[in-house]
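Here's the structure we're looking at; comments come further down.
What follows is the structure, encoded as structure tokens:
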């Protein structure tokens, strides 16, 4: 059995029957982590045939989680994310301001890196629900394309990797990391104001540096 939802998939799980009860195991925990499920979230399962379950996720407010809406709400904010030369002046919160030493280290890295990359400064929606990360459109179209796929993010510090779902919204031309991104953010203890550099080191594979 596999699970699918708007954030991507599939997530293989095993269905186990105990008495009159049916449980999802062996893969369920990964689905929970990748989709940042919390207590009081409500899930609606629809059997699509071919051993597939479509999952709708509802927040404790009763509203369905809408990844496209979350990306749309942050469109202006993400597009306006300052490049490294402007971070100190344009950060929206004093806590997010890049100090001189950190800015110099970022500049040094960027000048020495020969691979394609993109940079993002972490905002609330990147490090907390709904755990989404917008990717610059030009970069995404050139290197990841316009179809849903899975990318691999490797922490430059720990060398541990996570699989993350990449989605491309044709209507809004928005490219986003969704399912799996929350797991990466939590594992690497990402905070608002962290500056992340995503270095393309292979096909759909990124090494991520956190400053």
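Residue numbers (UniProt numbering): 1 to 211. Beta carbons: idealized from backbone N, C-alpha and C, even for Gly. Small disclaimer: the values here were computed from a predicted structure and weren't measured.
Outcome for residue i when other beta-carbon atoms lying within 10 angstroms are tallied against a minimum of 16
i           : result
residue 125 : buried
residue 208 : buried
residue 137 : exposed
residue 146 : exposed
residue 127 : buried
residue 189 : exposed
residue 36  : buried
residue 206 : buried
residue 130 : buried
residue 159 : exposed
residue 78  : At residue 78, the pLDDT of 48 sits below 50, so the modelled position is not reliable; the number obtained from the coordinates is stated separately. By the neighbour-count rule (16 or more Cβ atoms within 10 Å), residue 78 is buried.
For residue j and residue i, the rounded distance between their alpha carbons
i           : j           : result
residue 217 : residue 22  : Examination of residue 217 is not possible in this model, given that the chain is present from 1 through 211 alone.
residue 40  : residue 104 : 44 Å
residue 55  : residue 30  : 14 Å
residue 172 : residue 178 : 16 Å
residue 5   : residue 186 : 21 Å
residue 184 : residue 113 : 23 Å
residue 210 : residue 111 : 16 Å
residue 24  : residue 34  : 16 Å
residue 135 : residue 141 : 10 Å
residue 10  : residue 42  : 19 Å
residue 18  : residue 48  : 23 Å
Residues bridged to residue i [DSSP beta-bridge criterion]
i          : result
residue 52 : 2, 49
residue 44 : 56
residue 8  : 5
residue 17 : 22
Which listed residue (the options) has its alpha carbon closest to that of residue i
i           : options            : result
residue 102 : 65, 197, 186, 60   : 197
residue 195 : 153, 20, 17, 121   : 121
residue 44  : 38, 36, 58         : 58
residue 204 : 16, 149, 174       : 149
residue 182 : 162, 174, 201, 170 : 162
residue 153 : 143, 180, 170      : 180
residue 1   : 46, 38, 20         : 46
7 Å Cβ cutoff met for residue i and residue j
i           : j           : result
residue 165 : residue 8   : yes
residue 132 : residue 176 : yes
residue 53  : residue 115 : no
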